[in-house]
Amino acid sequence: MTMPRQRGLTEQAADAAIDSACRLLRLPSIRNEFSDIADRAIKDQMSYRGFLAELLMAECDDRARRRSERRIKAAGFPREKSLRTFDFDANPNIDPATIHTLASCEWIKKSQPLCLIGDSGTGKSHMLIALGTEAAMKGYRVRYTLATKLVNELVEAADEKQLNKTIARYGRVDLLCIDELGYMELDRHGAELLFQVLTEREEKNSVAIASNESFGGWTKTFTDPRLCAAIVDRLTFNGTIIETGTDSYRLASTRARAEEPAKAS
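Residue numbers (my numbering): 1 to 265.
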């Protein structure tokens, strides 16, 4: 399909031609923003090159934003969490400098693991999701899952002769976030399947986990001591371990909010 070329178009005809061309070339951001950018270009006396650069950068920025949104959606996070909304003052166990270093995602680039260990309410899941979101925004493929959900999926895949395919799928993502590891005991078969996923990713792609149990207590989840030791080794070698503590900052925040009306009265 070719579009007729005309000289001396009226403003209305030019707008219609730009709209049609943008639809044909699949440039939705330029189509939506060219009028505002054109008005700004006239006001700021931009050169033709400057005007074209503004148009193209608007399209590039919007495409990058949409790709980021798709990666975040594909990760399967259960809710939105960000580093900006985390209250570091409420949990002094978590060092802001360490977290912001992790947010650079250099550890993912190096295929290193991350372990967040602490009691319920200390910010583990918030950090796990927030750092996973940062990774997705920076272009990494991320997948979030609960430990029990992952194991159940692996068991079903094994029963359906799809285990290798499922393990390979989990092996391909740049960052695998496993939440609530240690909340429930896993039978030997489930633990072995999880170990296969970790082995598939070892030193090739990063794993980040959140657990309410210290490593010494993981024998309650992985009842085979040798298998437990091997899993701990996979998740800690060259990795970062952050202990989020035992005091629930979530509970403290709830109490603080409850006390505010009492103080006001």
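Each residue gets a CB set at the ideal place from its N, CA and C atoms; glycine is no exception.
Taking 8 Å as the limit between beta carbons, can you name the residues of its chain near Glu-185, skipping five residues before and five after? The answer, listed in chain order, is Lys-220, Thr-221, Thr-223.
Rounded to the nearest angstrom, what separates Ile-242 and Pro-96 at their Cα positions? If I take the Cα positions, the gap works out to 11 Å.
Would you list the residues sitting across from Val-142 in a DSSP beta bridge? Residue pairing by DSSP puts Val-142 in a beta bridge opposite Leu-175.
What's the gap between the Cα of Ala-135 and the Cα of Leu-83? Rounded to whole angstroms, the separation of the alpha carbons of Leu-83 and Ala-135 is 12 Å.
So Leu-176 packs on Asn-212, CB below 8 Å; how close in whole Å? Not a contact, Cβ separation roughly 19 Å.
Ordered along the chain, which non-local residues of its own chain (more than five positions away) have a Cβ less than 7 Å from that of Arg-201? So the qualifying residues of the chain are Gly-171, Leu-176, Val-207.
Does the separation of the CB atoms of Cys-115 and Ile-231 fall below 7 Å? No, these two residues do not count as a Cβ contact at 7 Å.
Cβ shell of Arg-71 (< 6 Å), same chain only, five flanking positions each side left out: Correct list, in chain order: Ala-136.
For the 8 Å Cβ check, are there 3 or more pairs between the region 115 to 135 and the region 36 to 49? In the pairwise beta carbon analysis, the region 115 to 135 is classified as not touching the region 36 to 49: fewer than three pairs are separated by under 8 Å.
List the whole-angstrom C-beta distance separating His-126 from Lys-73, where the pair is believed to meet the contact cut-off of C-beta under 8 Å. Wrong, their Cβ atoms sit about 19 Å apart, outside the cutoff.
Expected contact under 8 Å - CB spacing of Glu-203 and Ser-68 to nearest Å: About 27 Å separates the beta carbons of Glu-203 and Ser-68, which is beyond the 8 Å limit, so they are not a contact pair.
Would you kindly work out how many angstroms separate the C-alpha atoms of Asp-247 and Pro-28, rounded to a whole number? Straight through space, the alpha carbons of Pro-28 and Asp-247 are spaced by roughly 49 Å.
Contiguous beta strand (DSSP E) assignments of at least 3 residues, all confined to the region 16 to 72: Considered as a whole, the region 16 to 72 harbours no complete run of any beta strand (DSSP E) with no fewer than 3 residues.
Once DSSP output is grouped into helix, strand and coil, what is the label at Glu-11? If DSSP states are grouped into helix, strand and coil, Glu-11 belongs with the helices.
Can you check whether the CB of Ile-99 is closer than 7 Å to the CB of Thr-244? Going by beta carbons, Thr-244 and Ile-99 fall outside the 7 Å limit.
Collapsed DSSP secondary structure at Met-1 in the structure displayed: Per-residue confidence for Met-1 stands at a pLDDT of 49, beneath the threshold of 50, marking its modelled position as unreliable; the derived number appears in the next sentence. The answer is coil: DSSP assigns Met-1 none of H, G, I, E or B.
So if DSSP puts Ser-104 in a beta bridge, which residue, or which two residues, is it bridged to? As computed with DSSP, Ser-104 is found in no beta bridge at all.
With 16 other CB atoms within 10 Å as the buried threshold, where does Phe-77 fall? Buried, since its Cβ has 16 or more Cβ neighbours within 10 Å.
7 Å Cβ cutoff met for Gly-190 and Val-151: It is a contact, given that the beta carbons lie within the stated cut-off.
Output the distance between the C-alpha atoms of Asp-19 and Leu-154, rounded to the nearest integer angstrom. Between Asp-19 and Leu-154, the C-alpha separation is close to 49 Å.
Would you grab the beta carbon distance between His-179 and Val-142 for me? Rounded to a whole angstrom, and I think it's under 8 Å. Correcting the residue identity first, residue 179 is Asp in this sequence and not His. Taking a contact as a CB-CB distance under 8 Å, the pair Asp-179 and Val-142 does not count as one, their CB atoms being some 13 Å apart.
How many angstroms separate the CA atom of Asn-146 from the CA atom of Leu-128? Strictly speaking, residue 146 in this sequence is Leu, with Asn absent from that position. For the pair Leu-146 and Leu-128, the Cα-to-Cα distance works out to about 11 Å.
Please report how far the alpha carbon of Asp-159 lies from the alpha carbon of Glu-59, in whole angstroms. The C-alpha of Glu-59 is placed about 47 Å away from the C-alpha of Asp-159.
The alpha helix (DSSP H) spanning Ile-129 covers which residue range? Here the alpha helix (DSSP H) through Ile-129 covers 124 to 137.
Please say whether Asn-164 and Gly-267 have beta carbons closer to each other than 7 Å? The requested residue 267 does not occur in the structure, where the chain is confined to residues 1 to 265.
Residues near Ile-42 by beta carbon distance below 6 Å, same chain, minus five either side: Closer than 6 Å at Cβ, skipping near neighbours: no residue.
Under 7 Å Cβ to Cβ from Gln-12, same chain only, skipping five residues before and after it: list those, please. Within the same chain, Gln-12 has no close Cβ partners at all.
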